[in-house]
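**Student:**
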């Protein structure tokens, strides 16, 4: 009777079998990509980049519009004196 | 362009959202991941489910891949850690008794213990079945080490690359696993 160590080694050697590389299951790659997209909050990186750029442009437009509105609202108070005089003249001529 | 550079180019394209590159990367890495998953011999989780889980993790973390090590090493570590976490709760099977062996397995074991003759193809099949049963009694990490060392005939250095474990840890796991297996074989003879 051989010792257990030797039996174990022979058992391992006998159990070695050339395992053919297992083929990837059909549709496995598609499933992975779909799962990754589903788990990602922004979907694909391209969509995320597009959304980021759109957000920056929208912020810039809002900022410019705000500045425009502010300037328009404040400029009415500082009308040059000649405009005020002209307005008065027009109003008085209409009143007559 | 060598394999590593090609894989790196695929990673860059996959990061930029190129689906074809991502699919090609999965096709290239699948055999390696399948081998690691099979080494763990999952019982509760199917091999395909575990592989799927590993690839999802790989793509979720692709932005963190620095490119300092080959992509295959990076993926193999994710595979090992995922399998380990998944199978940690799995309990080892109870001990095998002589009555659990098939007639062919008992004869094959008798043959191994008493003669130097090479086993016939039928007996080799019985040997593979018995090894599967014996490995099922080990812890998942011990199973992986024994599978890689003795059934895939990989060196300790290669296992280190795949698992990220130290050589000492691998040798200790192999030693403990062999101790358990020796004890089991003693009970079967």
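Residue numbers (the numbering used here), protein chains in the order written: chain A, 1 to 96; chain B, 97 to 285. Where a beta carbon is used, it is the ideal one built from N, C-alpha and C, also for glycine. Bear in mind that the values here come from a model prediction, so they are computed numbers and not experimental data.
Quick one, which residues of the segment 54-70 of chain A are near chain B if we go by CB-CB under 9 Å, in chain order?
**Tutor:** Correct list: empty, as no residue qualifies.
**Student:** Can you confirm whether the segment 172-184 of chain B touches the segment 128-148 of chain B when touching is taken to mean that 3 or more C-beta pairs between the two stretches lie within less than 8 Å?
**Tutor:** The segment 128-148 of chain B is in contact with the segment 172-184 of chain B.
**Student:** Nearest to residue 276 of chain B by alpha carbon, out of B/190, B/262, B/117 and B/165?
**Tutor:** Selected option, being the one with the closest Cα: B/190.
**Student:** Thinking residue 238 of chain B and residue 279 of chain B are a contact (beta carbons under 8 Å), I'd like their distance in whole angstroms, please.
**Tutor:** Not quite, the Cβ-Cβ distance comes to about 13 Å (not below 8 Å), so this is no contact.
**Student:** Quick check on residue 29 of chain A: buried or exposed, where buried means 16 or more other Cβ atoms within 10 Å of its Cβ?
**Tutor:** Per the 10 Å Cβ criterion, buried.
**Student:** Which ranges would you report for the alpha helix (DSSP H) in the segment 202-251 of chain B if only whole runs of at least 4 residues count?
**Tutor:** For the segment 202-251 of chain B, whole alpha helix (DSSP H) runs of length 4 or above, ordered along the chain, are 217-231 and 236-242.
**Student:** Using 8 Å as the threshold, is the C-beta distance between residue 152 of chain B and residue 67 of chain A below it?
**Tutor:** In this structure, residue 67 of chain A does not lie closer than 8 Å to residue 152 of chain B by Cβ.
**Student:** Please identify, using Cβ separations under 9 Å, the residues of the segment 123-145 of chain B that lie next to chain A, in order along the chain.
**Tutor:** Those would be 123, 126, 127, 130, 131, 134, 143 and 144, in chain order.
**Student:** Of all the options B/107, B/135, B/103 and B/206, which has the alpha carbon lying nearest to the alpha carbon of residue 4 of chain A?
**Tutor:** Per the Cα distances, B/206.
**Student:** Less than 8 Å between CB atoms is the rule here; does residue 39 of chain A satisfy it with respect to chain B?
**Tutor:** Taking Cβ atoms only, chain B reaches closer than 8 Å to residue 39 of chain A, which makes this a yes.
**Student:** Residue 51 of chain A versus chain B: which residues are under 8 Å apart at the beta carbon?
**Tutor:** Those within 8 Å of residue 51 of chain A in chain B number zero; the least Cβ separation is about 13 Å.
**Student:** For the segment 194-208 of chain B and the segment 144-160 of chain B, state whether three or more C-beta atom pairs, one from each stretch, are separated by less than 8 Å.
**Tutor:** No, they do not touch.
**Student:** Kindly list, in the order they appear in chain A, the residues whose Cβ is closer than 7 Å to that of residue 151 of chain B.
**Tutor:** Per Cβ cutoff of 7 Å: 32.
**Student:** Residues in its own chain within less than 8 Å of residue 111 of chain B by CB, not counting five upstream and five downstream?
**Tutor:** 158 and 159, listed in sequence order.
**Student:** For residue 220 of chain B, which residues in chain A fall below 8 Å Cβ to Cβ?
**Tutor:** Within chain A, the residues near residue 220 of chain B are 14, 15 and 17.
**Student:** Determine, using beta carbons only, whether residue 271 of chain B comes closer than 8 Å to chain A.
**Tutor:** Residue 271 of chain B does not count as touching chain A.
**Student:** Say whether chain A places a C-beta atom closer than 8 Å to the C-beta of residue 260 of chain B.
**Tutor:** Closer than 8 Å: no.
**Student:** For residue 243 of chain B and residue 39 of chain A, what's the separation of their Cα atoms in angstroms?
**Tutor:** Those two C-alpha atoms are separated by around 33 Å.
**Student:** Contact defined as beta carbons within less than 8 Å: I believe residue 32 of chain A pairs with residue 122 of chain B. What is the distance between those atoms, to the nearest angstrom?
**Tutor:** Yes, residue 32 of chain A and residue 122 of chain B are in contact; Cβ-Cβ is about 6 Å, under 8 Å.
**Student:** Are residue 88 of chain B and residue 270 of chain B closer than 8 Å when you measure CB to CB?
**Tutor:** Lying outside 97 to 285, the shown extent of chain B, residue 88 of chain B is not represented and no answer is given.
**Student:** Give the residues of chain A in contact with residue 57 of chain B, contact being defined as C-beta atoms less than 8 Å apart.
**Tutor:** Given that chain B is displayed from residue 97 to residue 285, the structure contains no residue 57 of chain B and the question cannot be resolved.
**Student:** Expressed to the nearest angstrom, what Euclidean distance is found between the alpha-carbon atoms of residue 241 of chain B and residue 104 of chain B?
**Tutor:** Roughly 29 Å separates the two Cα atoms.
**Student:** Whose CA, out of B/132, B/212 and B/268, lies closest to the CA of residue 150 of chain B?
**Tutor:** The residue with the shortest Cα to Cα distance from residue 150 of chain B is B/132.
**Student:** In three-state terms, what does DSSP make of residue 112 of chain B?
**Tutor:** Reduced to three states, the DSSP call for residue 112 of chain B is coil.
**Student:** Comparing alpha-carbon positions, which option in B/183, B/164 and B/154 lies nearest residue 171 of chain B?
**Tutor:** Among B/183, B/164 and B/154, the Cα nearest to that of residue 171 of chain B belongs to B/154.
**Student:** Reducing DSSP to helix, strand and coil, say where residue 69 of chain A ends up.
**Tutor:** Correct three-state label for residue 69 of chain A: helix.
**Student:** Mind listing the chain A neighbours of residue 281 of chain B? Cutoff is C-beta to C-beta under 9 Å, in chain order.
**Tutor:** Those are 4, 7, 8 and 11, listed as they occur along chain A.
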